[in-house]
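Numbering (the UniProt record's numbering), first residue to last: 1 to 519.
We put the beta carbon where it would ideally sit given N, CA and C, even for glycine.
In this text, all values refer to a predicted model and were calculated from it rather than measured experimentally.
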Ligand SMILES: C=Cc1c2[nH]c(c1C)Cc1[nH]c(c(CCC(=O)O)c1C)Cc1[nH]c(c(C)c1CCC(=O)O)Cc1[nH]c(c(C)c1C=C)C2
């Protein structure tokens with residue numbers, strides 16, 4: 001059992017690590033260090049009260065929904081007793097069934113405007129997208145295997161182009177990658193981001209479509225046992241879920257639980273300046289909160305480039321590959337309109353916008369708003385808001401939606417103020433940045449829009465790493481180095497979105513598995 005464990009970073013991965021390590025090693029002394037005053041990292045929920053329309057509206061700055069297949073998150077809900085706070089969106093809801101793609105006129109495509117993505121054979125046959133989808137999908141199984149010999153990885157764009165052609169790869173692949181990684185699909189590793197596609201191509205002897213028809217072998221994850229309580233039953237027929245008070249319910253519950261444990265100490269507002277090995281038994285962490293901390297084991301849940309700055313001060317312990325991947329900055333813009341969703345957008349999840357055929361605009365010349373996509377939050381998460389309205393789409397007092405901008409696009413300058421004032425009594429001041437987004441939204445949604453009653457910008461700087469081709473091999477190399485006696489002797493574990501996946505489930509699972517070889 002480790003004598004002491006330092007956890008660096010109090011985002012979701014750090015909190016999950018602290019939670020699971022404190023269960024596994026109840027007598028180890030655990031210290032969690034976080035640079036900011038609050039814990040939770042990119043998970044941030046914010047409730048605004050709008051007196052003018054008598055509504056209380058829950059807004060998210062980061063992830064907003066979860067999929068029920070992430071058993072590690074369901075396990076946390078069970079262990080932390082969060083079942084009564086869960087809200088579920090059924091598979092039959094419009095938010096689950098209707099997703100859109102917006103193809104701008106400027107893309108000079110055969111199809112343009114807001115297009116519903118087909119979710120059945122019938123809807124495919126009636127869809128204007130049929131002319132792009134059908135030939136690509138029908139031809140793919142008959143295209144010979146074309147993975148270059150000995151290829152170990154490639155970009156998502158190159159993979160999809162090989163199998164389905166350039167137009168399919170750009171229109172569907174780039175939009176999908178915008179909605180998850182907020183990055184350029186030409187830079188993202190297919191093996192790291194979508195391992196199931198890479199594996200399906202192998203199962204299908206070169207054809208992804210054939211491979212998807214063959215059931216995969218059981219994954220390691222499926223052999224894990226999780227303490228699920230009644231959460232699995234709760235997720236019957238559920239497409240996605242969240243919490244009445246937003247995703248922060250999860251990180252707050254972790255924080256509250258850790259606060260009750262005698263062997264766990266949380267230091268917020270604490271900046272780490274250096275990490276080094278003192279001898280083969282002991283690590284030393286210098287930080288702004290006092291004397292350097294000496295610990296037998298440590299977990300870094302920091303972004304990899306941040307960890308690089310801390311370890312590279314001791315060259316013999318520098319860790320390989322920490323600065324290989326770029327990161328995306330996403331400006332998340334919450335808007336609340338004082339009218340029902342039917343007056344603002346079609347019923348559904350929201351829409352994504354593919355990469356322009358000519359590539360991303362040049363930062364020096366652009367007036368492009370850089371919108372990657374828009375989420376119709378009212379459709380999936382109206383149950384978070386007050387007053388509750390049964391026929392929310394036609395009758396709710398307000399509509400909440402979120403516009404995501406940035407990633408591979410150069411963006412317009414942000415205003416000095418990041419939100420309108422709460423309360424909604426005075427006319428809302430709308431800065432040029434928000435005005436440009438509203439103008440773009442009008443075109444994309446094909447209708448006039450009223451001014452929002454509230455707006456808020458979240459500048460999520462460097463929030464999502466782009467896992468570049470070769471990422472999995474590099475991470476294997478990094479782990480080998482950390483385990484080696486010339487390296488960190490297995491006493492430092494490195495986890496987080498930059499290592500093993502960017503979803504909430506990936507971050508929680510990483511914290512659940514960390515330190516399994518510490519005895
Ligand atoms: C801050 C913006 C984010 C963008 N992507 C992510 C965040 C937090 C991370 C992310 N988004 C999705 C996934 C996959 C989840 C899974 O498969 O389990 C991940 C890891 C899918 C997704 N994309 C959007 C939503 C609402 C969801 C559902 C999950 C969630 O709430 O995060 C919309 C969306 N996200 C981004 C953009 C640009 C975008 C556009 C509409 C970037």
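For residue 374, the shortest separation between its Cβ and any heavy atom of ligand 1 lies below 7 Å. An exposed status is given to residue 205, since fewer than 16 other beta-carbon atoms sit within 10 Å of its beta-carbon. For the alpha helix (DSSP H) assignment, the uninterrupted runs of no fewer than 4 residues enclosed by the stretch 417-452 are, from N- to C-terminal side, 432-445. For residue 255, the uninterrupted alpha helix (DSSP H) segment begins and ends at 248-259. Under DSSP, residue 57 forms a beta bridge with 48. Look at residue 455: its beta carbon is at least 7 Å from all of the heavy atoms in ligand 1. With contacts defined by Cβ atoms closer than 8 Å, residue 68 and residue 43 do not form a contacting pair. The C-beta of residue 443 has fewer than 16 other C-beta atoms within 10 Å across all chains shown, which makes the residue exposed. Residue 382: not part of any beta strand (DSSP E); DSSP gives it neither H nor E.
The beta-bridge partner set that DSSP reports for residue 279 consists of 282. Excluding five sequence positions before and after residue 19, the CB atoms of its chain that fall closer than 6 Å to its own CB belong to 254, given in chain order.
For residue 87, the shortest C-beta to heavy atom distance toward ligand 1 is 7 Å or greater. For residue 156 and residue 129, the gap between their C-alpha atoms comes out near 21 Å.
In the DSSP assignment, residue 461 falls within the beta strand (DSSP E) that extends over 454-465. The beta carbon of residue 230 sits no closer than 7 Å to any heavy atom of ligand 1.
Short of 7 Å from the beta carbon of residue 311, and not among the five residues preceding or following it, lie these beta carbons of its own chain, in chain order: 275, 317, 318 and 319. For the pair of segments examined, the stretch 188-200 was found to touch the stretch 149-167: the number of CB pairs separated by less than 8 Å reaches three. If you ignore the 5 residues before and after residue 78, its C-beta comes within less than 7 Å of the C-beta of 227, 228, 229 and 231, all in its own chain and listed in chain order. Here residue 208 really is in contact with residue 140; their C-beta atoms are around 6 Å apart, less than 8 Å.
Beta-carbon to beta-carbon, residue 350 and residue 373 are separated by about 6 Å, close enough to satisfy the 8 Å threshold. Proximity of the stretch 453-467 to the stretch 260-271 falls short of the contact definition, fewer than three beta-carbon pairs being nearer than 8 Å. Between residue 12 and residue 507 the beta-carbon gap is near 4 Å, inside 8 Å, which marks them as a contact. The beta carbon of residue 518 is closer than 7 Å to those of 2 and 297 in its chain, skipping five residues each way along the sequence.
Inter-residue distance for residue 485 and residue 277 is about 11 Å (C-alpha atoms, whole angstroms). With a threshold of 7 Å, the Cβ atom of residue 379 does not count as near ligand 1, since no heavy atom of the ligand is closer than that. Within the same chain, 118 come within 6 Å of residue 127 by CB-CB distance, once the 5 residues on both sides are set aside. Straight through space, the alpha carbons of residue 493 and residue 300 are spaced by roughly 6 Å. Taking all protein chains in view, the Cβ of residue 376 is crowded by 16 or more other Cβ atoms within 10 Å, so the residue is classified as buried. Under DSSP, the beta-bridge partners assigned to residue 29 are 4. Of the heavy atoms belonging to ligand 1, none sits nearer than 7 Å to the Cβ of residue 468. By the neighbour-count criterion, in which 16 or more other beta carbons inside 10 Å mark a residue as buried, residue 58 falls on the buried side. If one requires a minimum length of 3 residues, the beta strand (DSSP E) runs lying completely within the stretch 113-158 are 113-116, in chain order. Our two residues, residue 30 and residue 328, have alpha carbons roughly 32 Å apart in a direct line.
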